[in-house]
Structure formats: C-alpha cells, structure tokens
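Colleague:
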Amino acid sequence: MKSKIFASCAEAVRDIPDGSVIAFGGFSAIGAPANLLKALAEQGAKNLTCVLNSPRNSPNLPAAAPDIGILCERGQVKKVICAFTAPTRLSQTMTFAKYYEQGLVEAELVPQGTLAERLRAAGAGIPAFYTPTAVGTELAVGRETRHFNGREYLLELALPVDYAFVRAHRADAFGNLQFHGSQRNFNPVMATAARTVIAEVEEEILPRGKMDPNQVHTTGLFVQRMVRIPPPPEGYWPIPPKRADE
Amino acid sequence: MKSKIFASCAEAVRDIPDGSVIAFGGFSAIGAPANLLKALAEQGAKNLTCVLNSPRNSPNLPAAAPDIGILCERGQVKKVICAFTAPTRLSQTMTFAKYYEQGLVEAELVPQGTLAERLRAAGAGIPAFYTPTAVGTELAVGRETRHFNGREYLLELALPVDYAFVRAHRADAFGNLQFHGSQRNFNPVMATAARTVIAEVEEEILPRGKMDPNQVHTTGLFVQRMVRIPPPPEGYWPIPPKRADE
Amino acid sequence: MSDAKGLSRQQMCDRLAMEFQDGWVVNLGLGIPTLCSNCAFGDREIIFHSENGVIGYGPLAKPGDEDLHLTNAGGQYVTLQPGAAIVHHADSFAMIRGGRIDVTVLGAYEVAENGDFANWKMAGQKGGGIGGAMDLAVGAKNVFLAMEQLTRDGKPRLVERCAIPVTARGVVKLVITNLGLFQITKDGFLLREIAPGVALDQIKAQTGGKLTVANPLPTVRLT
Amino acid sequence: MSDAKGLSRQQMCDRLAMEFQDGWVVNLGLGIPTLCSNCAFGDREIIFHSENGVIGYGPLAKPGDEDLHLTNAGGQYVTLQPGAAIVHHADSFAMIRGGRIDVTVLGAYEVAENGDFANWKMAGQKGGGIGGAMDLAVGAKNVFLAMEQLTRDGKPRLVERCAIPVTARGVVKLVITNLGLFQITKDGFLLREIAPGVALDQIKAQTGGKLTVANPLPTVRLT
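Protein sequence lines, in the order shown, are assigned to chains L, C, Z and P.
Going by numbering that gives the first Met the number 0, the first sequence opens with residue 0, and the numbers climb by one from there.
Going by numbering that gives the first Met the number 0, the second sequence opens with residue 0, and the numbers climb by one from there.
Going by numbering that gives the first Met the number 0, the third sequence opens with residue 0, and the numbers climb by one from there.
Going by numbering that gives the first Met the number 0, the fourth sequence opens with residue 0, and the numbers climb by one from there.
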C-alpha cells in the first residue's frame, strides 16, 4: 500500500481542484488545521465551499491561527457553511464577515449540532434525518417539517465534502489518529464525511502497531494523507507541543 | 452525588418493572452482560421487550454465556427486537426460536446496521432517519420510502429503551467505561439510547481521575449503575479475565 | 427617583446556580452565563458540559498552567475535574439533543412572555452567530436565561413577543436579570424574587409583556 | 456422464480474492467467504473489516493464544494486524453504509440474473437471520458471492428470479461457484471462467436464468 505520509502541507494539498468542498476541523483555534489552511491559501484553488464551525478563530486565544478569512482575502471562497456568520459581539471583527456582508462570499448558517450531525450522516450513508433544532425559527421558513410523537422536527440533509482538513495529536503510518483534549471536536466527524482526508499531525508519525487499537479516535480507513507539522518558524504552530507534564 | 456502584447484579436489577424495554449489549457472547441477564432471570420481571443483536450466542465460543433463551423459558419475554430470529444454519438450535415459532414470543427483525443506527438515533435526539438498507426487501413492504439524489431510502424510527445492560472491561466511579477488543460492539450505542444504564464491569472500579479523559469509550453521563462482576463460581464469567500479556 | 442597578452579574449567576441540583449536567452559554461556573455549590456536584465535547470541566486554568489543547466552548482554558471525559462534536450534540443536559444557561437579547427567546441575530444584521444555542435550547431539560433587564438603549429585554429572529419557541423556564428572578408561566412573566433595593414599579416599567408578581414577593436569595 | 464437482471451497475463495486490489477494505460473510482470509495476497495489502467493529484483523488466533475479547463477526477468535483499530457497532455500520468497504463477499441461497440475491431466510422459515448482510449489500462498493452451484436438493442457485425473500436488489457484481466465475451483466449471468474439468453443458444445465458465455472461455485462474 502506498505511503500516506507527505513531506509537506504544500504537497498534500497540491492537487486540490477549483470548486472543491472542504471541511476544516477545529473549534476556534483548537484542533484547527492551520498549516494546511495556509498551504491551501498559497496553492490558490478558487471557488471553494468551506465547511467549518466558525470562519473566525476566538479572540480569547493568545496565538490565534489564521482563519478562513485569509482565503476570502485571496478570492478563493465561493461559499461558507458554518454556525457563525457574524461575530458574537459587536466589538469583534471577522474578516469573512466583510466579504459576506458585501455579497462577495455566500454563506449558509447552520446550527452547530445540525452541522455536526449532517457531516456525520454523510459519513454514515444516511441521506437525511429529522432534528428538533431550529424548528419555529427563521432557518426553518419554507422547509419541510414533520411530527413524530407529537413533536415537530425539521428535515436535514447529509453534508458530504470532497476534502477534510484535520489536525491530530498523534498518528500511525496506517492513518489512525488520536486527538488530545478538546482538539478532537469536529475533526473525527469531518473525517468520516470526506472522500479525501488530509491530517496535519503534531507528533512523530508512529510505525504501525504502536498505537493501541482500543484507543484510536479516527481509524486509518478514513485518512489518505498525513503531514507532520514542522516546528516554527516554518510551520504554523499556534498550539505549542504538549508539555512534559501532560 | 450518590454512588453508582451496586454490590450485586441482583441489587442493580431489583426495581426493573414488568413491561420494560431492555437492550442487551454484546455480539454473540463477547461483551454480553451475562451476569445481569442471569440476575434479571432470577428477578422475574415479565412482559419484557428485549433489544439485542441476536437472541442466541455463537456456538463457536467455548464458554457460551446464557442467552435470552433463559428469559423466554421463564415466560418473561413479550417481544424481541433483533437481527436474527432464526439460526443461520439448519443444524443449529436456538431456544428463543422455539418460542417465536410457536407464537409465544413476538419478534421484530431488523438489519444489524439499522438496529445500531436506530439506537444511536434515540440517544442523539433524532426521531427518524433514512437508510438504503432493506429497500426492495420483504422488510420494506408497506413502509415509507423516499428518493434522495435518485436513490431510494427507507424511513426508520429511533429505538429508545428503558434500560441498557452493558458489559465493560474497566470503569471509574463516575461511570466512565472502557471496553476491550470487540467487546465494545453494541454496548456504547445502547448506553446512549437508555434512560438507565447498568454496567457489569470486569476489573476493579477505579477512583475518579484514574482514567484518561481522552480514552473514555462511554462517558459516565450515561451510566447510572455499575457492578463489579464476581469471580466464578458465584459470578457468571464466560470470558476469562485478561491475561498478563494483554 | 433614579433606577436601581440591582444585582451584579455574578449575583445573577449565583442565584440561578442555586437551582442546579446535585448531579446535574450544566451547559453554560457565552457571556454572563459563564459566571455560573464560579459559584459555590457546597455538597452539590455539578458536571459542566461544553459543546466542544468536554464533559466535566472545572475552574479556569491558572495563567502559565493551561493545557493548550483544552478550552471550553467560550475559548477559555479550563481544567478537568476527576472523572472528566472528551467526546467529538457529533457525540457532544447527541448528548444535547438526546436530553442529557439538565440545564443550559444562555444569554439573550430578548425573551418573550410565552418562553420564546432570541440570542443569535441582532436587528439589522445580515449574519448571525447561532453556535450551539439552537440545539441547546431544544435539547436541554431546562433553559434558563441570564441577561440585563434593559438593552443598552434602555429598552426592555422581557417582551410580549420577540421582534428579532428567535432561537427557539416556548422553551424558557427561568430568567434572571439584574432586577429579579422571573419564571415563564402560561400567564407570562411571573416575578418570583426581586433584587434588593429595587422597587416593583421599576420592574413594571422596565418589563414588556404580561407581568404577574408573586405574593408574597421575597428579595432575591443570595446565599 | 456424472457431473464434475469442480472447485473446492478454498479454490473458489482463492479466485475471488484475486479480484481484491491493494489497499482494499474487505468484509467477509459467514460460511464459505471466511476462507478468503486464508488466501495469499502477495504484495497486496488487504484490510479485513468485521461488522462488530474490528478493522484490520489478521489470521485466526492459534489455540491457547486467543484474546477472549476479540472475535470477528463469525465468532472466530482472530488476531490483529499492525494498524488495527476497534470501533463500536454504529460506527462500524456507518463505515459500511458510508461506502468505506471496497468489497463484501457473502454466501447466498440464490442469486438472480439481475443481481438480486437472497441469503437471510430460507423457504418456509418463519424467522430469518439478517445480521449485517442487508447493510453490507447496499453499502459495499462491490458485492461478490461465493456459493455452490446447486442446492443440496440439486436445484440451481443461479436463477432467473429469486423465489425466496431477497437481501438486496441488483447489487451483485461477481459470483464464484464450484463450477465457474460469473459476472452479472445487463444480459444476465456471464460465465467468465470455467472450473477445470467441468463441461460447459453441465453449467448450462445447472444454471437458471439467462446465461451467456465468454468467448474465449478460460479455465478459472487458480494462481
């Protein structure tokens, strides 16, 4: 079997065509594949649809990673599917929002749990499901609802993607991934929804057989490409490597 | 918070009322909560609906655990929801099947993946979903189907249960569970679908803080009662404790 | 007579947190609600759940002591309590929609007398920030709100009907503001407790929608 | 002339396994198909997936050496290959329905010329054993069958239309029997390879449904 290990993020994203639908893991900067994102900005693919929790990283974090605002600035983004299309406070700014408000980038606003579940459904061969979320809101206007056991639910469709960019803490050569702490978030879910998963990995990629099969978070079946993140300053490493006491 | 640790399986199942819907983890004897099953047989609750992969343990296994045939024999079972209502070979026997064929026990036959997904949906607040499984078969006769992207899918409803009996390898006092090997199978899924989860645990129940939060398979949010399995001959222990080389 | 300011934000959260029962799983929204994690719970054990899959987080991490892979949903570096566990986002929201959260405390722009509330999109905005609020609002067993009585422009946030897009319909049970504790009933807002130093007339003047008042009307419990 | 017996069950599986490509994820049904895990794959790497959540299992465990918490879907104690992983049942079937299985090899009672097949319920039975077959049949990218040409009663298993309840419609691509290798085409069964020592007339006599024959017709490749 061909090695899944790529020498650089640039190499791992080189063939991504214009028009791709790409999911980006991460919840704010934690678990976000910042190095792959930056490589994609440099690669230049256009007309992209980006699927992610928020087009902006949290301002609370000291070393915020680049967010998909950098893709908007380069004119690479057609549409964003996410749970936030505006900052949560008036005092905050968000690069993406400027493009969205001017109509230069489209957006589909999806409740966070619905976003996770639509991605999971895509990975699980479930084309559609019903959820109580967003019933009675602006998001449900004109859409199909249905009652089960006397409660109203909204029909939601699976959200498959072409690529998922994920960030993992550890990996083995087969592509099995482990995440640390809340870095996990959307990463395993997006991995199941994608035809091609590209993982940036924080630690050395282990030989096969060195990861406990009982403790794999994303199995290597889902992962086609992996890149060990280079240390700063070459690599974008918003999250320092774990400390000795971890 | 009240301790979740019970002294015996008998105590853990004592209050289960007649008419309960109970899911049993396990895939053949592996991961099956044999001690809780036996305690339920002794407790005597009747009119039960049992949800599980198969009402019969595999004959391939040397120390097969009791299967829900023992509940059928005691007249405790109203209905079984499962993926097998007959042995897979004519040469095999299955206690449940005798009761089913005579009309003494009802059964609902569900494809294994649909069973897992219906349980998962119940735990995830999803009342219904569409699946390609069983389209065009006897199981779909008279039922609602729908096309998405040109393919036909069957509507399936969530399957919530009152209790789930699960078997785990390790636990901590909060109720976090870890499974070993293919013992995992239906156990974590059923745990999410139940109002009350009762776990039989193979190893000593750890104090809180002694299980890596990154490596929990079923979180303690789902688990209300735990019992450490006593060693044979008191405890039913079809699966020997792990060996030193594990 | 100038208006009283009433409770501090921490006091508002302290009062709400008294409603949390031993063993409850609690999810806190951004803003004021995060202060609920600072409250003293005595011998009640509270399990804090965060949308990003952290179950059982504890106090904020001390500066220099952060695990840089671990934040709550607000992006704050937190610690883990013994017994904590991490799950992925789909599993986290499965817990939310599946009814495993005993209470969510959310901030809001508006709450209506019928229990509708709005917290994701301000008037005139093109975009909005839903995050996990819509899932929490329909999934949690109890929805509590923690909010100021008035907007910055001095308009009531407790209203007859929400003027901006709602987050969910008819789900709010309890609202704490700087002026008092309100319960949503079929007769609208029931003022259950009044903040110390606040006059009932001020609350009447600063509440839209139907208001009823508990009789007797105690002051807000603070310990 | 008495009928030839044709291939052994292991030879049937050896031939099917030649179709597996390097890196394929393979799920084997009960019965004859399990023999596919014994085949020699040379430098092709095959990843065996089992419904009970075992990804990357290897040969059967040697007696006395079993991990008693670890079986494949057939209840056989197996070993794990380096790089193996365990998932729960919902995730295992998510992989199946989600299209992550390159091929499933299943046994069958009947297969029809249009690719329907039946393997869960025998004629006259009240119950049946579906297991994971219906999910695999619609989810795997390729469905191969491994079965005897005739039933124990001497009736063809390759038929015009299934007489017993089907497992899935129109999904079968390739069928190996003791007599030969058949591909399902829009013209029915295409005999692509014939077992050594078997006469074409025997196959014609023992096949229901429309049969076409490759020209030239090689014998079944066995190495």
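Beta carbons: idealized from backbone N, C-alpha and C, even for Gly.
The structure presented is a predicted model; accordingly, all values stated were derived computationally and were not measured.
I want to see whether chain Z comes within less than 8 Å of residue 184/L, judged by CB atoms only; does it?
Modeller: Interface residue, yes.
Colleague: So, for residue 245/L: in the same chain, excluding its five sequence neighbours on each side, which residues have a beta-carbon less than 7 Å away from its beta-carbon?
Modeller: For residue 245/L, the pLDDT reaches just 42, beneath the cut-off of 50, and the residue's location in the model is therefore unreliable, leaving the point undetermined.
Colleague: Could you check whether the Cβ of residue 227/L sits closer than 8 Å to any Cβ belonging to chain P?
Modeller: No, its Cβ sits nowhere closer than 8 Å to a Cβ of chain P.
Colleague: CA-CA distance, residue 170/L and residue 209/C?
Modeller: Rounded to whole angstroms, residue 170/L to residue 209/C spans 24 Å at the Cα level.
Colleague: Please list the partners that residue 26/L has in chain Z, where partner means a Cβ-to-Cβ separation under 7 Å.
Modeller: What residue 26/L touches in chain Z: 51.
Colleague: Identify, in the order they occur along the chain, each residue of the same chain with its Cβ nearer than 7 Å to the Cβ of residue 166/P, setting aside the five sequence neighbours on each side.
Modeller: Counting only Cβ-Cβ distances below 7 Å, and skipping sequence neighbours, we find 116, 117, 118, 119, 132, 133, 136.
Colleague: My guess is that residue 110/P and residue 171/P are in contact by the Cβ rule of under 8 Å, so how many angstroms apart are they, rounded?
Modeller: At roughly 6 Å, the Cβ-Cβ gap stays under 8 Å, so residue 110/P and residue 171/P are in contact.
Colleague: For a quick check, are the C-beta atoms of residue 115/C and residue 84/C less than 8 Å apart?
Modeller: Against a cut-off of 8 Å, the Cβ pair of residue 84/C and residue 115/C comes out as no contact.
Colleague: Can you check whether the C-beta of residue 220/L is within less than 8 Å of a C-beta belonging to chain P?
Modeller: Yes, its Cβ sits closer than 8 Å to a Cβ of chain P.
Colleague: Whole angstroms is fine: what's the gap from residue 193/Z's alpha carbon to residue 207/Z's?
Modeller: Approximately 17 Å between the Cα atoms of the pair.
Colleague: Between the alpha carbons of residue 83/P and residue 69/P, how many angstroms are there, rounded?
Modeller: The straight-line gap from Cα to Cα measures roughly 12 Å.
Colleague: With distances taken from CA atoms, which of 46/L, 0/L, 30/L is nearest residue 21/L?
Modeller: Among 46/L, 0/L, 30/L, the Cα nearest to that of residue 21/L is on 46/L.
Colleague: For residue 155/C, count the other beta carbons within 10 Å of its own beta carbon; 16 or more makes it buried, fewer makes it exposed. Which is it?
Modeller: Burial call: buried.
Colleague: Comparing alpha-carbon positions, which option in 76/P, 113/P, 86/P, 164/P lies nearest residue 123/P?
Modeller: Among 76/P, 113/P, 86/P, 164/P, the Cα nearest to that of residue 123/P is on 164/P.
Colleague: With 16 as the cutoff for other CB atoms within 10 Å, does residue 140/Z come out buried or exposed?
Modeller: Result: exposed.
Colleague: Roughly how many whole angstroms lie between the Cα atoms of residue 14/C and residue 221/Z?
Modeller: For residue 14/C and residue 221/Z, the distance between alpha carbons rounds to 39 Å.
Colleague: Determine which residues of the segment 75-93 of chain C have a Cβ less than 8 Å from any Cβ of chain P, and write them out in chain order.
Modeller: Against chain P - using a Cβ distance shorter than 8 Å - the residues of the segment 75-93 of chain C are 82, 83, 84, 85, 86, 87, 89.
Colleague: With a threshold of 7 Å on Cβ separation, who are the neighbours of residue 243/L within its own chain once the five nearest residues in sequence on each side are excluded?
Modeller: For residue 243/L, the predicted structure reports a pLDDT of 46, less than 50, and the residue's modelled location is therefore unreliable. The matter cannot be settled from this model.
Colleague: Using CA coordinates, which residue listed in 131/C, 145/C, 74/C is at the minimum distance from residue 40/C?
Modeller: Per the Cα distances, 74/C.
Colleague: Could you spell out the range, first to last residue, of the alpha helix (DSSP H) harbouring residue 187/L?
Modeller: Run containing residue 187/L: 186-192, per the alpha helix (DSSP H) assignment.
Colleague: Pair every Cβ in the segment 149-166 of chain L with every Cβ in the segment 129-136 of chain L, then say whether three or more of these pairs are closer than 8 Å.
Modeller: Taking 8 Å as the limit for Cβ pairs, the verdict is that the segment 129-136 of chain L does touch the segment 149-166 of chain L.
Colleague: Would you be able to state if there are at least three C-beta pairs under 8 Å between the segment 213-220 of chain C and the segment 20-38 of chain C?
Modeller: No: fewer than three Cβ pairs fall under 8 Å.
Colleague: Taking the alpha-carbon positions, what's the residue 16/Z to residue 35/Z distance?
Modeller: Between residue 16/Z and residue 35/Z, the C-alpha separation is close to 6 Å.
Colleague: Any residues in the segment 157-186 of chain C with a beta carbon nearer than 9 Å to a beta carbon of chain P? Which ones, in chain order?
Modeller: So the close ones are 168, 178, 179, 180, 181, 182, 183, 184, 185, 186.
Colleague: Given a cut-off of 8 Å, decide if residue 186/Z and residue 211/Z are closer than it, judged by their beta-carbon atoms.
Modeller: It is a contact, given that the beta carbons lie within the stated cut-off.
Colleague: Select from the segment 90-114 of chain P all residues with a C-beta closer than 7 Å to any C-beta belonging to chain C, and list them in chain order.
Modeller: Residues 92, 95, 96.
Colleague: Which of the residues in the segment 122-140 of chain L, read from start to end, lie with their CB under 9 Å from any CB of chain C?
Modeller: Correct list: 123, 124, 125, 126, 127, 128, 129, 130, 131, 132.
Colleague: Do the CB positions of residue 28/C and residue 64/C come within less than 8 Å of each other?
Modeller: Yes, the Cβ-Cβ distance between residue 28/C and residue 64/C is below 8 Å.
Colleague: Using beta carbons (cut-off 8 Å, strictly below), is residue 244/C in contact with chain L?
Modeller: A caution first: residue 244/C carries a pLDDT of 47, below 50, which makes its placement in the model unreliable, though a value can still be read off. No - not a single Cβ of chain L is within 8 Å of the one on residue 244/C.
Colleague: With distances taken Cα to Cα, identify the nearest neighbour of residue 103/L among 68/L, 192/L, 232/L, 166/L.
Modeller: Ranking 68/L, 192/L, 232/L, 166/L by Cα distance to residue 103/L puts 68/L first.
Colleague: Measuring straight from C-alpha to C-alpha, what distance separates residue 49/P and residue 181/C?
Modeller: Rounded to whole angstroms, residue 49/P to residue 181/C spans 10 Å at the Cα level.
Colleague: Considering only residues of the same chain and omitting the five flanking positions on each side of residue 216/Z, which have a CB-CB separation below 6 Å?
Modeller: Once the five neighbours on either side are set aside, the close Cβ partners of residue 216/Z are 193.
Colleague: Residues of the segment 198-219 of chain C in Cβ contact with chain Z at a cutoff of 7 Å, in chain order, please.
Modeller: Hits within the stretch, in order: 207, 208, 212, 213, 215, 218, 219.
Colleague: Can you tell me which of the three DSSP states residue 49/P falls into?
Modeller: Correct three-state label for residue 49/P: strand.
Colleague: Pull up the distance between the alpha-carbon of residue 87/Z and that of residue 189/L, whole angstroms please.
Modeller: Taking the straight line joining both Cα atoms gives about 10 Å.
Colleague: Please state the DSSP three-state secondary structure of residue 124/Z.
Modeller: Coil at residue 124/Z, not helix or strand.
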